[in-house]
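*Asks:* Residue numbers (my numbering): 11 to 470. Backbone N, C-alpha and C fix where the C-beta goes; we use that ideal spot for every residue, glycine too. These numbers come from a predicted model, not from an experiment. Once you've had a glance at the structure underneath, I'll fire off some questions.
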Amino acid sequence: MLCLEASSLSSRMAPKKKEEAQIPPLIGRVGTNLKIGIVGLPNVGKSSFFNVLTKSQASAENFPFCTIDPNESRVAVPDERFDYLCEFYKPASKVPAFLNVVDIAGLVQGAHEGKGLGNAFLSNISACDAIFHVVRVFDEESIVHVEGDVDPVRDLDIIHDELRFKDLDYLKKQIESLERSVLRGSDKKKKPEYETLVKILEHLENNQLPRKVLWDIKELEVLNKHLLLTAKPVIYLVNLSEKDYTRKKNKWLPKLKAWIDSHDTGALLIPFSCALEMKLLDMDDEEKEKYLKEAGTTSALEKIIVQGYKILQLIYFFTSGKDEVKAWTIQKNTKAPQAAGKIHTDFEKGFIMAEIMSYTDFREHESEVAVKAAGKYKQKGRDYIVEDGDIIFFKFNAGADAWRQRENVWLQPGFTSLETLNYTVDYFNTFSTHYLGPFLIQNNILKIPPCRVLVTMATT
11 MLCLEASSLS
21 SRMAPKKKEE
31 AQIPPLIGRV
41 GTNLKIGIVG
51 LPNVGKSSFF
61 NVLTKSQASA
71 ENFPFCTIDP
81 NESRVAVPDE
91 RFDYLCEFYK
101 PASKVPAFLN
111 VVDIAGLVQG
121 AHEGKGLGNA
131 FLSNISACDA
141 IFHVVRVFDE
151 ESIVHVEGDV
161 DPVRDLDIIH
171 DELRFKDLDY
181 LKKQIESLER
191 SVLRGSDKKK
201 KPEYETLVKI
211 LEHLENNQLP
221 RKVLWDIKEL
231 EVLNKHLLLT
241 AKPVIYLVNL
251 SEKDYTRKKN
261 KWLPKLKAWI
271 DSHDTGALLI
281 PFSCALEMKL
291 LDMDDEEKEK
301 YLKEAGTTSA
311 LEKIIVQGYK
321 ILQLIYFFTS
331 GKDEVKAWTI
341 QKNTKAPQAA
351 GKIHTDFEKG
361 FIMAEIMSYT
371 DFREHESEVA
381 VKAAGKYKQK
391 GRDYIVEDGD
401 IIFFKFNAGA
411 DAWRQRENVW
421 LQPGFTSLET
431 LNYTVDYFNT
441 FSTHYLGPFL
451 IQNNILKIPP
461 CRVLVTMATT
């Protein structure tokens with residue numbers, strides 16, 4: 011636990027900054043509040059899948075375009091590590107990681123030209139960062155297929171082409187606009203962007219998806235600026251009948267795998283049955299376990315959620331204790347100070363070090379003390395790249411100047427109050443902060459003296 015004397019904070023010298031190693035950017039939007047959109051033709055099971063996934067009540071009628079406005083929800087990411095930490099600490103508050111999911115209305119052939127409300131729906135896809143592409147394989151006479159019959163390979167081609175055509179139209183307009191300033195004008199600063207967009211266009215015209223091309227750092231920056239539909243990673247969800255899912259057989263599965271291998275190499279294909287998942291939704295845990303055991307199968311939802319979270323290039327670290335166990339979402343390749351900043355900006359500004367236990371070591375040794383005794387408790391500096399599942403305790407310098415600027419706590423003799431109850435409550439909940447020395451609480455407002463205050467700050 012880090013102890014800082016308020017009177018000495020301003021005199022501390024900041025350590026000399028080392029030259030930071032450059033980490034190549036990831037493809038996609040920067041941030042942690044990322045979304046995955048459910049995409050497919052009408053009546054393939056998108057809204058039913060969304061309902062099961064989020065246990066919500068979005069409309070799921072048997073006709074095209076029943077989902078006019080995208081439904082958005084979030085679902086907790088299942089993780090046995092989080093469950094174990096909650097069981098171990100029995101905290102007052104439990105906060106898992108969440109996957110943000112958007113249900114987008116069905117596309118039809120010609121959507122990029124505006125057919126079937128296509129332009130609006132393509133815009134909704136553009137606002138997402140990854141795609142769950144739902145493909146219908148089940149036969150059900152009562153659920154009409156928009157193309158007349160069930161052919162999932164044809165359906166894949168339709169969605170694939172609509173997204174590609176939309177990007178081609180967009181790129182041609184962008185290139186035409188840049189040509190005027192780069193080739194006919196004198197704005198040479200935009201030349202790298204122009205050349206990169208021309209390169210992307212050539213790949214797309216040859217049916218090569220931008221997400222599958224190896225780009226250099228500068229090209230990636232251009233690609234991320236334009237957030238093309240075909241640059242978004244895709245997970246293919248194959249919606250089978252309960253019977254086919256249980257017996258793990260269907261004539262279309264090998265053909266779908268072959269299509270993915272030729273069009274989207276390396277992409278993940280996950281079979282599931284919306285009919286089965288909807289049936290399980292109405293059962294309690296005991297009934298569900300018995301039903302799945304008798305059927306000799308398992309639910310695919312947990313795998314779908316976990317893989318959806320991973321494809322957004324998100325990970326999380328844990329802070330844990332009796333007050334709270336929480337999974338903090340960050341992007342891959344995030345360094346320790348920026349991870350600390352997710353808890354509070356002061357953690358990043360005054361970052362000193364991160365004390366880290368791996369979940370595996372904690373599970374093996376069953377306590378922080380035992381992990382330390384085994385020599386597995388690590389101290390990491392500013393260049394440490396946080397790994398998924400790290401259990402972290404951050405140490406940081408609070409900074410007297412920052413406190414004076416924010417709340418004028420130590421500026422004058424006598425007691426100075428933190429100005430709002432909301433801030434006080436948030437302050438305690440966030441930092442588990444303790445004040446040693448004279449202090450006073452009046453009307454639920456913390457009042458502290460201007461000196462001789464010892465502050466301890468921790469994330470646990």
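Quick check on this structure: which residue in 113, 327, 189 and 269 has the alpha carbon closest to the alpha carbon of residue 203?
*Replies:* Residue 203 has its Cα closest to that of 189, out of 113, 327, 189 and 269.
*Asks:* Just confirm the distance between the C-beta atoms of residue 220 and residue 237, as a whole number of angstroms; I'd bet it's less than 8 Å.
*Replies:* 10 Å between Cβ atoms; not a contact.
*Asks:* By DSSP, does residue 311 sit in helix, in strand, or in coil?
*Replies:* Here residue 311 sits in helix by DSSP.
*Asks:* Are there three or more Cβ pairs, one per stretch, closer than 8 Å when the region 267-274 is compared with the region 194-201?
*Replies:* Contact fails: fewer than three Cβ-Cβ distances are below 8 Å.
*Asks:* At the level of alpha carbons, what is the spacing between residue 145 and residue 372?
*Replies:* Distance between the alpha carbons of residue 145 and residue 372: 41 Å.
*Asks:* Quick check on DSSP: helix, strand or coil for residue 476?
*Replies:* Given a span of 11 to 470 for the chain in the structure shown, any question on residue 476 remains unanswerable.
*Asks:* Taking the Cβ atom as the reference point for each residue, do residue 301 and residue 293 lie within a distance shorter than 8 Å?
*Replies:* Taking 8 Å as the Cβ cut-off, residue 301 and residue 293 qualify as a contacting pair.
*Asks:* Measure from the alpha carbon of residue 304 to the alpha carbon of each residue in 222, 65, 328 and 257, then state which is nearest.
*Replies:* Answer by Cα proximity: 257.
*Asks:* Who are the Cβ neighbours of residue 110 in its own chain at under 6 Å, not counting the five residues just before and after it?
*Replies:* Contacts found: 45 and 84.
*Asks:* Quick check: what's the CA-CA separation for residue 281 versus residue 200?
*Replies:* Those two C-alpha atoms are separated by around 45 Å.
*Asks:* In this structure, how does DSSP classify residue 279 when only helix, strand and coil are distinguished?
*Replies:* Correct three-state label for residue 279: strand.
*Asks:* Would you mind working out which of 374, 149, 326 and 278 sits nearest residue 42, comparing C-alpha positions?
*Replies:* Nearest option by C-alpha distance: 326.
*Asks:* Between residue 361 and residue 406, is the Cβ-Cβ spacing less than 8 Å?
*Replies:* For residue 361 and residue 406, yes; Cβs fall inside 8 Å.
*Asks:* Could you tell me if residue 166 is buried or exposed, where buried requires 16 or more neighbouring beta carbons within 10 angstroms of its beta carbon?
*Replies:* Burial call: buried.
*Asks:* Taking the alpha-carbon positions, what's the residue 171 to residue 216 distance?
*Replies:* In a straight line, the C-alpha of residue 171 is about 12 Å away from that of residue 216.
*Asks:* Within its chain, find whatever has a CB closer than 6 Å to the CB of residue 400; leave out the 5 residues flanking it on each side and keep chain order.
*Replies:* Contacts found: 327 and 366.
*Asks:* Rounded to whole angstroms, what is the Cα-Cα separation between residue 52 and residue 115?
*Replies:* So the two alpha carbons sit approximately 7 Å from each other.
*Asks:* Going along the chain, which residues of its own chain have a beta-carbon closer than 8 Å to the beta-carbon of residue 386, five neighbours each way excluded?
*Replies:* Here the set comprises 367, 368, 371 and 375.
*Asks:* For residue 164, is the classification buried or exposed, using 16 other Cβ atoms within 10 angstroms of its Cβ as the cut-off for buried?
*Replies:* The residue is exposed, with fewer than 16 neighbouring Cβ atoms inside 10 Å.
*Asks:* Please classify residue 141 as buried or exposed, where buried requires at least 16 neighbouring CB atoms within 10 angstroms.
*Replies:* By the 10 Å Cβ count, residue 141 comes out buried.
*Asks:* Quick one: which unbroken beta strand (DSSP E) runs of 3-plus residues sit fully inside the region 320-398? Chain order, please.
*Replies:* Here the runs fully enclosed are 324-330, 334-341, 361-367 and 388-390.
*Asks:* Report the rounded CA-to-CA distance for residue 318 versus residue 184, giving the unit in angstroms.
*Replies:* Roughly 31 Å separates the two Cα atoms.
*Asks:* Helix, strand or coil: how does DSSP classify residue 216 here?
*Replies:* In this structure, residue 216 counts as coil in the three-state DSSP scheme.
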